[in-house]
Amino acid sequence: MDSQTAGIVELLVERFGVEADEVQDDSRMRDLDLDSLALVEFGLAVEQQFQVKVSEDEIGPDNTVQDVVRLIDAKLAGDPR
Amino acid sequence: MSDRPAAGGPEVAVTGIGLVTPAGLGVRENWQRVTAGEATAATDPAFAGLLTDISCRVPGFDAARELGKRKAWRLDRYTQLALVAAKEALADAGLTPGDWDGPRVGVVIGNALGGTATFEEQVRNLVVDGAQTVSPMLVPMAAANMVSGYVAMEFGALGPNLVTATACASGATALGVARDLLRSGACDVVIAGGTESSLSPAIVSAFARMGALSRRNDAPEAASRPFDAGRDGFVLAEAAAILVLERPDHARARGARVRARLAGYGASADAHHATAPDPQGAGAERAIRAALADASLTPDDIDHVNAHGTSTALNDVIEAKVVERVFGQRPAVTSTKGVTGHSLGAAGAVEAAYTVLALENGVVPPTANLDSLDPEVSVDVVSKAPRHLRMKAALSNSFAFGGQNAVLVFTTP
């Protein structure tokens, strides 16, 4: 597991009541019981942990853990998406 | 013509109790600790550096274990405590959530302040880290109405759903309002009680600044001492208590065990002062007499009074004088706050539960830390050891800031 993925898993476990073994690369946010309010909270946590800017429509309930990792990687690489 | 009784109909049945308090998790632990008269106040590391550093916390409460991790993180502790108490109460009542006529099941839960810990944490985020860091969960976690909503979601209670806010009387008011929903025919079952977990820095500091809290930081176990000459304030506590109240015909039809009957409810306002009780206790007396009249009982019928007994200078003397004026020396009086501290909006429901347990067991718990009765108190306050007493009727007092008074009368089934 790369460090970005490990960071996301840690966040989900520490803050969002998910067990580590419940998280797969292809787990969707909704599978982890992150609803719209929780996703706003999650976006903020991602911003703080990875020092990137995440707007509210960038992580939705159907996005997977892998999607989030790609988003962070792209942002860290300076992709202005 | 409906077969439901008209308003003013028969008393309602108490068929289930759930308790999550500093005296323990569950009814059994609670009753053991309360009848032992063993205080729960202790030094609170979370209050280090504040004006008071003692509290009564629920020991060993693990929300993730009780409710599941995915649910627990979304709930302020004031809701977590209530959900666990409600689960115990429903199991005690022999009710299977969902396996009932949902729209006939109501929820009425009192609390004074809502999720203050969540609120204070988010205010800190706002001030220190900026508006972008305020959690979107703040309102659904901290709002005072949410506990009843979450209880409905958890158990499928689809009937009337509300929260009562009468400060330190909230839990008793909730039981009274629930009784009315049953009497009017609006519900068959009401999940009712109180919850509070306001052990947060701003709230504890505010109560300390008011001079309401005991300053016995060096001897926390002796700090809550209702009716004692040396009392100097209350100890802030967290707790939840839920009672299952039920229409007698509904309880009978399903063969439920009736633990006691809620026979009377009386409420009044002092209309006197924001925080000080009426000096003569006129409002308290009106609520007591209203509850007696509602139960069609006279003062001589009451065997036991679970007093509001906060351990503050003013309350305990004024309350004792009112109790003496109405009842004379007859009833065995206790304040279980000596053991539990004062859980604000939960207290009225916690003490209603203890009153039911006293009736059921024929035991009046002692008032913890009552070493030297205040000379101005001349009612029969039980101290040192539990008193065994056959009882038919008992009364529980709750008096609040704002001058809101709520009194409940329970009788044996």
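Here the protein sequences come in this chain order: U and Y.
Throughout, the working numbering is defined as the position within the first sequence, counted from one, plus 91.
Throughout, the working numbering is defined as the position within the second sequence, counted from one, plus 1078.
Positions of the beta carbon are idealized from the N, C-alpha and C atoms, including for glycine.
| Asked | Found |
| --- | --- |
| Which stretch, first to last residue, makes up the beta strand (DSSP E) that contains residue 1239/Y? | 1239 to 1242 |
| Helix, strand or coil, according to DSSP, for residue 1134/Y in the structure here? | strand |
| Quickly, what does DSSP pair residue 1401/Y with across the bridge? List them, please. | DSSP lists no partner for residue 1401/Y. |
| Give a yes or no on whether the minimum CB-CB distance between residue 143/U and chain A is below 7 Å. | Although the question refers to chain A, the structure presented lacks it and instead comprises the protein chains U and Y. |
| Kindly list the residues whose CB is nearer than 7 Å to the CB of residue 133/U, restricted to its own chain and excluding five residues on each side of it in sequence; keep chain order. | 107, 125 and 150 |
| To which residues does DSSP link residue 1488/Y through a beta bridge? | 1340/Y and 1472/Y |
| Pairing CB atoms from the stretch 1258 to 1270 of chain Y with CB atoms from the stretch 1307 to 1325 of chain Y, are three or more of them under 8 Å? | yes |
| Pop quiz: residue 117/U and residue 155/U are said to be a contact at Cβ under 8 Å. What is the actual Cβ separation, rounded to whole angstroms? | 5 Å |
| Output the boundary residues of the alpha helix (DSSP H) element that contains residue 1361/Y. | 1360 to 1372 |
| Note down the Cα distance separating residue 158/U from residue 95/U, rounded to an integer number of angstroms. | 11 Å |
| For residue 139/U, count neighbouring C-beta atoms within 10 Å of its own C-beta (all shown protein chains included) and say buried if the count is 16 or more, exposed if not. | exposed |
| In the DSSP assignment, the alpha helix (DSSP H) including residue 1384/Y goes from what residue to what residue? | Looking at the DSSP string, residue 1384/Y is not in any alpha helix (DSSP H); the run it does join, the beta strand (DSSP E), is 1382 to 1384. |
| If the cut is a Cβ gap below 8 Å, which residues of chain Y does residue 222/U touch? | Because residue 222/U is not part of the residues shown, which for chain U are 92 to 172, the question remains open. |
| Could you give the distance in angstroms between the alpha-carbon of residue 1487/Y and the alpha-carbon of residue 1343/Y? | 6 Å |
| Please check the pair residue 1381/Y and residue 1472/Y, which I expect to be a contact at CB under 8 Å, by giving their CB distance rounded to whole angstroms. | 6 Å |
| So, using beta-carbon positions, are residue 1156/Y and residue 1273/Y closer together than 7 Å? | yes |
| Per DSSP, residue 1306/Y forms a beta bridge with which residues? | 1451/Y |
| Using DSSP with H/G/I as helix, E/B as strand and the rest coil, what is residue 100/U? | helix |
| With DSSP as the reference, label residue 1393/Y as helix, strand or coil. | helix |
| Tell me, please, whether the CB atom of residue 108/U is closer than 7 Å to any CB atom in chain Y? | yes |
| Less than 7 Å between the beta carbons of residue 1485/Y and residue 1366/Y, yes or no? | yes |
| Near residue 1244/Y, what residues of its chain come up, given a Cβ to Cβ distance below 6 Å and the 5 sequence neighbours on each side ignored? | 1251, 1478 and 1482 |
| Can you tell me where the beta strand (DSSP E) holding residue 1274/Y begins and where it ends? | 1267 to 1274 |
| Report yes or no: is there a C-beta of chain U within less than 7 Å of the C-beta of residue 1079/Y? | In this prediction, residue 1079/Y scores a pLDDT of 37, lower than 50, which makes its location untrustworthy; the coordinate-derived value is nonetheless stated afterwards. No, residue 1079/Y does not count as interfacial toward chain U. |
| If you draw a straight line from the alpha carbon of residue 1141/Y to that of residue 1289/Y, how long is it in whole angstroms? | 32 Å |
| By a C-beta neighbour count over all protein chains shown, 10 Å radius and 16 as the cutoff for buried, is residue 1428/Y buried or exposed? | buried |
| Taking C-beta to C-beta, are residue 1310/Y and residue 1293/Y nearer than 7 Å? | yes |
| Using 8 Å for Cβ pairs, my map puts residue 1220/Y next to residue 1193/Y. What's the rounded Cβ distance? | 4 Å |
| Mind reading off the beta-carbon distance from residue 1291/Y to residue 1305/Y? Whole number of angstroms is fine, and I expect it under 8 Å. | Between residue 1305/Y and residue 1291/Y the Cβ distance is about 18 Å, and since that is not below 8 Å, they are no contact. |
| Please say whether residue 1443/Y and residue 1113/Y have beta carbons closer to each other than 7 Å? | yes |
| Compare the C-beta of residue 132/U against all C-beta atoms of chain Y and say whether one is closer than 7 Å. | yes |
| Taking only beta-carbon positions, decide if residue 1202/Y is within less than 7 Å of chain U. | no |
| Residues of chain Y with CB under 7 Å from residue 158/U, in chain order? | Going along chain Y, no residue has its Cβ under 7 Å from residue 158/U, so there is no contact; the nearest lies around 20 Å. |
| Between the stretch 1383 to 1398 of chain Y and the stretch 1135 to 1151 of chain Y, do at least 3 Cβ pairs fall closer than 8 Å? | no |
| With H, G and I counted as helix, E and B as strand and the rest as coil, what does DSSP make of residue 1251/Y? | helix |
| Sort 1302/Y, 1255/Y and 1317/Y by Cα distance to residue 1276/Y and report the nearest one. | 1317/Y |
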